[in-house]
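Colleague:
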Amino acid sequence: MCGIVGYVGRTTAVQPLLKGLKKLEYRGYDSAGIAVVEPHLQVYKTQGRIADLEALFTKGVPQGTLGIGHTRWATHGQPSWENAHPHCDCSEEIAVVHNGIIENYLELRKELEAEGHVFRSETDTEVVSHLVEKYYEGDLGCAVQAAIAQLIGSYALAVVSSRHPNELIAVRQDSPLVIGVGEEEYILASDVPALLDFTRTAWVLDDGQVARITRESVVVFDQHGEQQKPQTIRINWDPVQAEKEGYAHFMLKEIHEQPRAIRQTLAGRLGVRGNLQLAEEIPADLLHGITDVHLIACGTAYHAALYGAYLLQDSTDLQVHAELASEYRYKRVRVDDRTLAIAISQSGETADTLGAIRKAKAAGARILAITNVVGSTLAREADAVMYTHAGPEIAVASTKAYTAQLCCLGLLAAYVQLHLRGAYDPELLRQLLEIPDQMASILQACEERVKEYAGQRLAAASDTFYLGRGLDLASAMEGQLKLKEIAYVHAEALPAGELKHGTLALIEPGVPIVALATQPHLLDKLLSNLREVKARNGEVFLIAMDGERDYSQTADEVLLVPPTHPMLAPLLTALPMQLMAYYAATARGHDVDKPRNLAKSVTVE
Ligand code: M6R
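Rendered as structure tokens:
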């Protein structure tokens with residue numbers, strides 16, 4: 001999820017572009033660049049900060065009044081000068097910046113190369129500049145329209161050409177783009193903060209719309225070439241609110257981004273008919289002959305590892321272990337060249353996880369990384385990488401990166417099963433495609449209720465318990481970590497069947513218990529454990545999936561998540577638990593995005 005800016009107007013474009021890019025820095029990025037038409041196309045890029053980009057203009061600023069700019073968060077190809085945007089066509093007359101993922105870029109690239117186009121980067125974006133070049137017949141807008149007809153995926157694009165020194169073309173599909181309206185000038189941006197120094201009036205593009213922006217006017221067309229009236233908005237957010245898209249905290253914004261993040265995680269990997277496309281990322285020799293799998297991680301990523309271990313154990317005959325990296329490093333483990341070590345890390349920089357995979361690698365294991373950060377140390381040291389594509393995660397508490405890790409592990413489990421057994425559970429993959437919409441419906445349906453419960457009950461508690469059985473236990477562990485981490489309320493996750501072996505002694509009237517009930521084969525057992533809790537007047541908030549059951553004897557409150565494959569339920573139950581932690585923390589007045597004593601990336605042992 002990169003940042004886009006574009007400018008056409010009365011003044012030289014470089015300053016408004018740099019100003020806009022600076023406003024997008026908070027999102028995180030690894031490289032940046034701008035292109036200005038003056039009258040030839042001038043491209044400036046850097047693998048580094050906006051300040052480094054700015055330094056390229058110390059000897060003079062091009063005077064062109066049309067340009068585009070970009071901050072890149074790498075998805076395809078390492079962070080590098082070559083992979084930084086803008087990307088040009090062969091003649092270097094057309095420049096493109098892009099946010100999103102072009103799923104069919106490899107096919108398109110092969111076709112274009114066969115036609116003689118020369119590529120200079122590893123990005124998916126570059127196919128767009130060559131497609132626009134291919135279809136250009138004197139009208140830039142028409143060429144962009146013809147190019148996007150070839151694309152599968154999500155995109156916000158801004159395109160300029162030295163042949164059209166007063167025209168900026170913008171288009172969006174599943175990736176936001178707004179046009180700020182000034183006095184004889186327009187500024188285009190992927191995010192509202194980049195507009196605020198210029199204007200408070202903006203036009204929002206809808207999916208499939210193409211905008212032809214000149215100094216004098218903006219004309220918007222739909223995919224059939226029909227002219228459209230853009231939707232005008234008045235922006236009342238202050239700059240700090242705008243960075244968070246109006247949410248009070250990055251954590252809340254990131255919780256709400258999960259439907260989009262999971263769509264991005266699935267993009268290009270799972271076709272609409274449930275067909276898996278992972279061979280590019282996970283070469284066959286990575287899996288060939290493996291007998292053992294070690295899933296290694298810390299914190300939230302370790303809870304994803306528990307999930308992955310459960311899925312792999314359930315669907316293969318491999319010996320599978322989820323391992324805490326800080327323990328794995330120093331204990332005696334059986335690891336050799338038949339071991340696949342799967343390291344899971346949002347940042348890809350966690351010292352313990354890196355230490356653990358170095359140990360596994362030295363003993364001959366093959367390393368697969370699941371990470372959110374392209375070019376991170378973990379990604380570079382692994383034999384293969386599966387990127388989560390969740391977009392930058394700014395809040396310390398991991399939310400969208402976690403569910404994207406679960407999504408990757410679901411895909412991976414099916415892929416390993418296919419590789420080892422020649423078949424996989426098609427229902428799991430079919431249901432995975434439904435998860436983004438189901439997440440959106442949960443967020444819409446449950447937020448107010450969860451807010452009330454968390455604000456009144458969890459925020460006032462000193463001890464809480466999270467219960468689950470089977471796969472629900474891994475989810476319960478993640479739920480309790482979130483609450484401790486940001487609300488500073490003590491929480492403990494337990495296999496529900498273990499209560500009676502000791503912890504039941506702590507259950508007394510009013511103690512809040514969050515219980516998970518999504519695993520049909522364990523439901524009766526779980527409900528009988530909850531009866532033990534209710535007999536001690538513990539207060540149960542149950543997150544369940546089966547709407548037909550009667551929970552009146554076992555829970556004080558019931559929140560139903562939409563029905564899905566039981567193996568995918570953790571992708572849904574995570575959301576109400578994230579909201580519970582968030583609203584308990586805000587009710588207690590905490591700085592949610594920066595919890596005490598914690599850092600986003602733990603690069604020390
Ligand atoms: O970047 P990583 O995924 O390797 O980080 C691992 C943990 O430090 C991290 O998940 C931590 O537990 C989160 N703050 C939890 O929300």
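Residue numbering for the sequence shown follows my numbering, beginning at 1 and increasing consecutively.
Think of the CB as a built atom: it goes at the ideal place given N, C-alpha and C, for glycine as much as any other residue.
Given a cut-off of 8 Å, decide if His565 and Glu427 are closer than it, judged by their beta-carbon atoms.
Modeller: Yes.
Colleague: Would you say the beta carbon of Glu133 is closer than 7 Å to some non-hydrogen atom of the ligand M6R?
Modeller: Checking every heavy atom of the ligand M6R against the Cβ of Glu133, none is found closer than 7 Å.
Colleague: Can you grab the Cα-Cα spacing for the pair Pro39 / Leu188, in whole Å?
Modeller: In a straight line, the C-alpha of Pro39 is about 21 Å away from that of Leu188.
Colleague: Pull up the DSSP beta-bridge partners for Val144, would you.
Modeller: Paired residues: none, contrary to the question.
Colleague: Which residue's Cα is closest to the Cα of Arg531: Leu559, Gly497 and Ala114?
Modeller: Per the Cα distances, Gly497.
Colleague: So which of Leu572, Thr554, Gln553 and Leu568 has the shortest CA-CA distance to Val561?
Modeller: Looking at the Cα atoms, Leu572 is the closest of the given residues.
Colleague: When you compare only the Cα positions, how much space is there between Tyr44 and Gln223?
Modeller: Roughly 32 Å between the two C-alpha positions.
Colleague: Leaving out five residues before and five after Ala404 in sequence, what residues of the same chain have Cβ atoms less than 6 Å from its Cβ?
Modeller: The residues are Ala261, Thr265, Thr388 and Ala390.
Colleague: Using a Cβ-based criterion (distance less than 7 Å to any ligand heavy atom), does Ser398 qualify as near the ligand M6R?
Modeller: Flag set: Cβ of Ser398 near the ligand M6R.
Colleague: Suppose you measure from the CA of Val160 to the CA of Leu196; what does that come to, to the nearest Å?
Modeller: Approximately 23 Å between the Cα atoms of the pair.
Colleague: Going by the CB atoms, is the gap between Leu286 and Leu354 shorter than 8 Å?
Modeller: No, the pair does not count as a contact, with Cβ atoms beyond the cut-off.
Colleague: Just how far apart, CA to CA, sit Glu492 and His130?
Modeller: About 55 Å.
Colleague: Taking Cβ positions, are Ala202 and Ile169 nearer each other than 8 Å?
Modeller: Result no, Cβ atoms of Ala202 and Ile169 do not sit closer than 8 Å.
Colleague: Does any heavy atom of the ligand M6R sit closer than 7 Å to the C-beta of Ala363?
Modeller: Incorrect: Ala363 has no Cβ contact closer than 7 Å to the ligand M6R.
Colleague: Between the Cα of Leu483 and the Cα atoms of Thr399, Ile507 and Ala535, which residue gives the shortest distance?
Modeller: Here the closest residue by C-alpha is Thr399.
Colleague: Regarding Leu481 and the ligand M6R, is the C-beta to nearest heavy atom distance less than 7 Å?
Modeller: The answer is yes for Leu481.
Colleague: In whole angstroms, what separates the C-alpha of Arg269 from that of Ile34?
Modeller: Spanning the two alpha carbons is a distance of roughly 31 Å.
Colleague: Among the residues of its own chain, which have a CB less than 6 Å from the CB of Gln258, if the five just before and after it don't count?
Modeller: Excluding positions up to five away in sequence, the list reads Lys400, Thr403 and Met439.
Colleague: If you pair each beta-carbon of the stretch 57-65 with each one of the stretch 21-30, do three or more pairs fall below 8 Å?
Modeller: The stretch 57-65 is not in contact with the stretch 21-30.
Colleague: Measure the C-alpha to C-alpha separation of Gly208 and Glu226 and round it to an integer number of angstroms.
Modeller: In a straight line, the C-alpha of Gly208 is about 11 Å away from that of Glu226.
Colleague: Are any of the Cβ atoms in chain C nearer than 8 Å to that of Asp174?
Modeller: In summary, chain C is missing from the structure at hand, where a single protein chain is found.
Colleague: Count the other CB atoms, across all protein chains shown, that sit within 10 Å of the CB of Gln145; report buried if there are 16 or more and exposed otherwise.
Modeller: Counting Cβ neighbours within 10 Å, Gln145 comes out buried, since at least 16 surround it.
Colleague: On the three-state DSSP scale, how would you describe Met567?
Modeller: Of the three classes helix, strand and coil, the one that applies to Met567 here is helix, per DSSP.
Colleague: Would you say Leu412 touches the ligand M6R, meaning its beta carbon is less than 7 Å from a heavy atom?
Modeller: Not so, every heavy atom of the ligand M6R lies at least 7 Å from the Cβ.
Colleague: Is the stretch 544-552 in contact with the stretch 511-524, if contact means three or more CB pairs nearer than 8 Å?
Modeller: Yes, the stretch 544-552 touches the stretch 511-524.
Colleague: When you compare each of Asn83, Tyr583, Leu140 and Leu471 to Val489 by their alpha carbons, which one comes out closest?
Modeller: Taking only the C-alpha atoms, the option nearest Val489 is Tyr583.
Colleague: In chain order, which continuous runs of the alpha helix (DSSP H) of length 4 or greater are located wholly inside the stretch 515-575?
Modeller: Taking only runs of at least 4 residues, the alpha helix (DSSP H) segments lying wholly in the stretch 515-575 are 523-535.
Colleague: Give the straight-line distance between the Cα atoms of Val8 and Asp89, rounded to the nearest whole angstrom.
Modeller: Looking at the two C-alpha atoms, the distance is approximately 21 Å.
Colleague: If we ignore side chains and look at the alpha-carbon of each, how far apart do Glu122 and Arg421 end up?
Modeller: Those two C-alpha atoms are separated by around 33 Å.
Colleague: May I have the straight-line CA-CA distance separating Asp238 from Gly468, to the nearest angstrom?
Modeller: Taking the straight line joining both Cα atoms gives about 42 Å.
Colleague: Kindly indicate the opening and closing residues of the beta strand (DSSP E) around Val489.
Modeller: It is not in any beta strand (DSSP E) - Val489 carries neither H nor E in the DSSP assignment.
Colleague: Less than 7 Å separating the Cβ of Gly299 from some heavy atom of the ligand M6R?
Modeller: Yes, Cβ of Gly299 sits closer than 7 Å to a heavy atom of the ligand M6R.
Colleague: How big is the Cα-Cα spacing for Tyr310 and Ala297?
Modeller: Going from the Cα of Tyr310 to the Cα of Ala297 covers about 15 Å.
Colleague: Taking 7 Å as the cut-off, is the beta-carbon of Pro173 closer than that to any non-hydrogen atom of the ligand M6R?
Modeller: For the sequence presented, residue 173 should be read as Gln rather than Pro. Gln173 Cβ: outside cutoff for every heavy atom of the ligand M6R.
Colleague: Counting only runs that start and end within the stretch 156-199, where is the beta strand (DSSP E) found for 3 or more residues in a row?
Modeller: DSSP runs (the beta strand (DSSP E)) wholly in the stretch 156-199: 168-173, 178-181 and 186-189.
Colleague: Does any heavy atom of the ligand M6R sit closer than 7 Å to the C-beta of Gln346?
Modeller: The answer is yes for Gln346.
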